[in-house]
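Here is the structure we will look at.
2 protein chains.
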Amino acid sequence: MTDDPAPELDLDALRREGLLPAPGTETAAHDGTGRVELSFTVEDSGGAPPSHRAVRVPPGVTVFDSASWNGIAIDSTCGGHGTCHKCKVRVEGSTPISRHDVRTFSREQLDDGWRLACLLQATRDLQVAVPPLTTRPKAATVGVGRQVILRPAVQKRYVELDEPSLTDQRSDLQRLLDAIDDLEPRPDLHALRRLPTVLRQADHKVTAVVVDEALVDVEPGDTTDQRYAIAFDLGTTTVVATLLDLALGTPVAVASMLNRQQPFGGDVITRISATMMDPDALPRLQRAAADTLVELAAQVCKEGEVDPAQVYEVAVAGNATMTALVLGIDPEPLGMAPFVMVAAQPPSVLASEIGLELHPRARALFFPALGAYVGGDIVAGMLATGMDRDKRTRLFVDVGTNCEIVLSDGERILATAAPAGPAFEGGAIKCGMRAAEGAIEVVRLGGADDPVQLGVIGDVEPMGLCGSGLVDAVAELVRVGLLDASGRFVPDEQAPIVAPALADRLTRIGEERVFVLHRPHPEAGPEESVVLSQRDVRELQFAKAAISTGWTLLLEELGLEHRDVQQVLMAGSFGSYISPASAVRIGLVPTLPVLRIVSAGNVAGEGAKMALLSIRERAGAAALLEEVTYVELSDRTDFNDRFVEQLSF
Amino acid sequence: MTDDPAPELDLDALRREGLLPAPGTETAAHDGTGRVELSFTVEDSGGAPPSHRAVRVPPGVTVFDSASWNGIAIDSTCGGHGTCHKCKVRVEGSTPISRHDVRTFSREQLDDGWRLACLLQATRDLQVAVPPLTTRPKAATVGVGRQVILRPAVQKRYVELDEPSLTDQRSDLQRLLDAIDDLEPRPDLHALRRLPTVLRQADHKVTAVVVDEALVDVEPGDTTDQRYAIAFDLGTTTVVATLLDLALGTPVAVASMLNRQQPFGGDVITRISATMMDPDALPRLQRAAADTLVELAAQVCKEGEVDPAQVYEVAVAGNATMTALVLGIDPEPLGMAPFVMVAAQPPSVLASEIGLELHPRARALFFPALGAYVGGDIVAGMLATGMDRDKRTRLFVDVGTNCEIVLSDGERILATAAPAGPAFEGGAIKCGMRAAEGAIEVVRLGGADDPVQLGVIGDVEPMGLCGSGLVDAVAELVRVGLLDASGRFVPDEQAPIVAPALADRLTRIGEERVFVLHRPHPEAGPEESVVLSQRDVRELQFAKAAISTGWTLLLEELGLEHRDVQQVLMAGSFGSYISPASAVRIGLVPTLPVLRIVSAGNVAGEGAKMALLSIRERAGAAALLEEVTYVELSDRTDFNDRFVEQLSF
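Order-wise, the sequence lines are chains W and A. Residue 1 is where the first sequence starts when you use UniProt numbering, and the numbers rise one by one after that. Residue 1 is where the second sequence starts when you use UniProt numbering, and the numbers rise one by one after that.
Next up, the structure:
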């Protein structure tokens, strides 16, 4: 009794004896490097030969999640909580037996390798046999070609209960829970308040509404078909809402509008500054965000003809600042070094706590963030693009004032943020404007008949240049030789030689050289025209250098070269519009065949939809926090050297 | 792959091989019968010889709880959540190894039987060695001689954190949680809103406030000594509040008042009826209960000079109707057969949801109920009296309009409710009144000098008869022979023979025979006097018969005789005042030596205090739900026969 127990042991010996559960059960136990391979053999219920599929996941992920994240369906109604006992698989070799396994399988079956997939963690390579499905699961395609097996947090169960009697005095709650024994929710007070009345008015034929672990309501009759959720992409500039039918997995209505926080400033830094100047600014910014969400929710519910009281959950994907502001959390530490978040994973709150009037107990889900400048919107985007579920080396770039960069080599994932400045949003650009009607978004130079071809949003008279037009213009000027590799316009005398049809457009406003993209009338001087100035080119150079320095350093961290990148995903409302050829030409992305550069669209919104459609995907988003290594650039001594190297085209 | 898994297995074989965890991990797995014995050997830190103690608990209870419930201290700071890794014990024989054991002990220590007590379930008799304590735990004596080791749900931790830097960008939350690693709370939004500001204003020297699983606040500086809670005994008639200092385990202030629901009726049935007549009655009853709690909370905080914002938790012990009403739940199903509760365990809510203005995230805890008429007040009472932790055969009787009866033989526990009617509260009694000033509460007959001795509340002129006076009067009249065993006054001609000094007091009002207890003046007729009527005796007979039928049937269920009962606990504001001798004489309780009949006092309030002082005791209250068998009397065919048998004295 006198030997003081000290923490030392032979883990491997314990594992060999089956005494030690999988290490993945311990939080943050694995170091994010190395994966295990699961080889699934999926039997077909129609009698076709079994199909085979190998997937790689971080150690500790359950077999159920590994399958689910890769679109491989395994029977389940509880969604992986160990309560429905349906996700039966057979694995080869010795694996731990959970107490639910003991309740589900015979001794012979346990010896034969049968286990519940949701409780079995993959800690080594496994061969997994999946029996034929007893019910065909619904799936939806969202994100970048991601197949999501529907298993929303919002579940409804219609039940017809026995009336209570003196020989069956179970409480109302117990009677209900006994009838939905694949779920084990805790009741909200709201649901308990409704339960006795609704049960008796509806002759004990009711629908239980469960969100995640909570029984939030009980509704008379069968309302199982009516369950909805709203995915919000809470952008600094634009906010998009998608109303989802959770029973079908399909979008019902979409609406977007400018974030009502705009009057406080166009980017996150100006909004953070506002809260530092004025103690009233935080509540006002919070209200502005709430008003935006409320208006969009009303729009999509109206358009979809859905009762807001049947919206039981919302997911919000936003950057760290937008997330803090809508939750009423002071964003100040995000705005200054050392750039600290209050919490990587915001708490799950009631939708009413962020101002939404949906079902009174609707939940609001926020995405976790990897850092102050790689926020929940990027985690949602990683989910939508499957950054953690692809063997290829892929680069994800969300271009904006703050540019988020994620690199995966199929084993490890790195993320960082690069301060690109406002150039891509039209800020600090002479004729810059947002991507709205009248903005030049496409530029082609040097055609025989028409040396300057412009694509203009709304097909109207060009009024200015948006981000993608800026990239195009610079890329084209480099291509035709009017800009040299250092980003300088060529001397006046050289212009007619390299580009005779365009030389007259290279002129000056005051001392500064400009290239005229569009004259409102033939005699218009450069001051009246839409032009690209030498300084604009410099702004874009700085922006692209910040970004390419970011991914160059990430490539170096993983010991990779440009040519190792197999796919580039351009994300965000701006990134999706950039011409891949132009992006390559100015060096914004590594030099790749353009077909490997994919416009990924609004991936944050897609990730929010995935989280609403599947609790497994939601768990996947949380797992990214463990798996992704955040690389801080602002204290890198080599950053400035690399930055200078990256300035040239 | 074609053999469909079916649930069959050899549990014992699996247990022998250590593959099967303890069955107690499964909800409601044991049937409530049979216990296991744990023999503790507790080493003394001062060098004294070890002490030995054997306790019996239901199978599946953890070793830590088994010790804690019996006042045996084991080191722990997390309170049994498996997070602090301090509750080290050594057990003999083979027992399962948890993953926390693996992280805490060396292989040799595991072989040697070292385990964490909080994760080891007692599924068979065990020998447990407890090492000397490294810190002396605080304990408090509450309830009926119960020693409670202090471990409140409300925990405070003072920490001095490193400032963040570019090389340490942990979020504010992570930084805080890393510093209090024996707890793993989830943050409330409220705490996250306060966190960045408080951390920076207080130079990162702060106190984290944790309630149960939630981080509810962060306070500047060291506030660890300031933590309070309020225990409410929410009676139908009287409500009592006790403000507790959780750091010391001592009461700071106590206050009581009549329940403000009184205008709706004196008992639970009239209040339930009120909600059935008038749709506004439920919110008004809810508000009346809330007002009562609010006023008492203000009183005890004022008297104890405690800031209400430092009250972080309240516990409410009330019967099922009071609990439903204060939560705003329709009580109607409680009021009519088949007497069904909405939920046995009310949800944990915020104190603000029941109207209290304490710390904004203070929690309100409610006791679970065993049935519509054996509510949370009785479960609290069972906790305070240790009904489940005593080897003796004990009978617990809470006397009132509804009388709750609990019987334990040290292995099994049965509970029931008997409708005693209003006699004990002075209702339906000719000169009945509540136990207030002027009420006769003690009656002694047949003294030589003074044949009628009365004890009167407030020592004033007697105005009526309260419940304990009623019991005394009848018991004394039986003893002196003026009432026969059937409850009839003896014939007039017989009275002078059996009790010459009292015979003149046996007279009539109209046709009804009455016994005059007190004449306001020597010539006063019986109409002007305080009397006990024949009909009063009948009322008491019915009330006592209901109660004694209740415990008689419970004794039969356990195969016991009256004489097997080793202790009777008389509880409740009324029960505590009944004379044990009189209770025995009229047959309200089994025939026992009076010293074995204990007035237990306000056990509901004591139970509420215990739940606030110790999360282990709280878990014990929840465990009672599994362990106690509720016996419904209203559908027993033998009830009426027994009732008639029990009518005589």
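Cβ coordinates follow ideal geometry from the N, Cα and C atoms, glycine included.
Between residue i and chain W, is any beta-carbon pair separated by less than 8 Å?
i, result
"Gln169/A", "yes"
"Glu437/A", "no"
"Ala337/A", "yes"
"Met322/A", "no"
"Ser576/A", "no"
"Gly371/A", "yes"
"Ala623/A", "no"
"Pro21/A", "No answer about Pro21/A holds up, because its pLDDT of 39 lies below 50 and its placement is not dependable."
"Thr33/A", "At Thr33/A, the pLDDT of 44 sits below 50, so the modelled position is not reliable; the number obtained from the coordinates is stated separately. No, Thr33/A does not count as interfacial toward chain W."
"Arg186/A", "yes"
"Arg193/A", "yes"
"Ile72/A", "no"
"Pro419/A", "no"
Answer yes or no: does any C-beta atom of chain A fall closer than 8 Å to that of residue i?
i, result
"Ala28/W", "Its pLDDT being 31, under 50, Ala28/W is placed unreliably by the model, and nothing is read from it."
"Ile269/W", "no"
"Thr25/W", "Here Thr25/W scores only 35 on pLDDT, less than 50, and its place in the model should not be relied on; the value that follows carries that caveat. With 8 Å as the cut-off, Thr25/W counts as an interface residue toward chain A."
"Val63/W", "no"
"Pro347/W", "yes"
"Pro333/W", "yes"
"Pro593/W", "no"
"Gly432/W", "no"
"Met610/W", "no"
"Val91/W", "no"
"Glu632/W", "yes"
Span of the beta strand (DSSP E) holding residue i?
i, result
"Trp114/W", "Trp114 to Leu116"
"Lys88/W", "Lys88 to Val91"
"Asp398/W", "Arg394 to Asp398"
"Phe424/A", "Run containing Phe424/A: none; DSSP gives neither H nor E here."
"Ser408/A", "Asn402 to Ser408"
Among all the DSSP beta bridges, which residues are the ones paired with residue i?
i, result
"Ile615/A", "DSSP output for Ile615/A lists no bridge partner at all."
"Gly318/A", "Leu234/A"
"Leu365/A", "Ala315/A"
"Thr223/A", "Answer by DSSP bridge pairing: none, since Thr223/A is not bridged."
"Tyr373/W", "Paired residues: none, contrary to the question."
"Lys205/A", "Glu160/A"
Is the Cβ-Cβ distance between residue i and residue j less than 8 Å?
i, j, result
"Ala621/W", "Ala600/W", "no"
"Val314/W", "Ala364/W", "yes"
"Asp225/A", "Cys78/A", "no"
"Leu195/W", "Val342/A", "yes"
"Ile272/W", "Leu334/W", "yes"
"Leu176/A", "Val154/A", "no"
"Ala372/W", "Val340/W", "yes"
So the alpha helix (DSSP H) residue i belongs to, where does it begin and stop?
i, result
"His100/A", "Arg99 to Thr104"
"Gly455/A", "Per DSSP, Gly455/A belongs to no alpha helix (DSSP H); it is in the beta strand (DSSP E), Val452 to Val456."
Taking 8 Å as the threshold, find out whether the stretch 42-51 of chain A comes into contact with the stretch 608-626 of chain A through three or more Cβ pairs. Contact between the stretch 42-51 of chain A and the stretch 608-626 of chain A is absent, because fewer than three Cβ pairs lie under 8 Å.
State whether the stretch 556-565 of chain W contacts the stretch 477-493 of chain W, with contact taken as three or more CB pairs (one from each stretch) at a distance under 8 Å. Segments in contact, no.
How do the stretch 411-424 of chain A and the stretch 436-450 of chain A stand: do at least 3 beta-carbon pairs fall below 8 Å, yes or no? The stretch 411-424 of chain A vs the stretch 436-450 of chain A: no contact.
Three-pair Cβ contact test at 8 Å for the stretch 372-389 of chain W versus the stretch 588-608 of chain W: Contact between the stretch 372-389 of chain W and the stretch 588-608 of chain W is present, because at least three Cβ pairs lie under 8 Å.
Is the stretch 467-476 of chain A touching the stretch 488-508 of chain A in the sense that three or more CB pairs, one from each, lie closer than 8 Å? No, because fewer than three Cβ pairs between the stretch 488-508 of chain A and the stretch 467-476 of chain A fall closer than 8 Å, the two stretches do not touch.
Determine contact between the stretch 136-156 of chain A and the stretch 298-307 of chain W, defined as no fewer than three beta-carbon pairs at a distance below 8 Å. Segment contact: the stretch 136-156 of chain A against the stretch 298-307 of chain W, fewer than three CB-CB distances shorter than 8 Å; contact not assigned.
Evaluate the contact criterion for the stretch 162-178 of chain W versus the stretch 63-83 of chain W: three or more CB pairs, one atom per stretch, below 8 Å. By the Cβ rule, the stretch 162-178 of chain W does not count as touching the stretch 63-83 of chain W, because fewer than three pairs are nearer than 8 Å.
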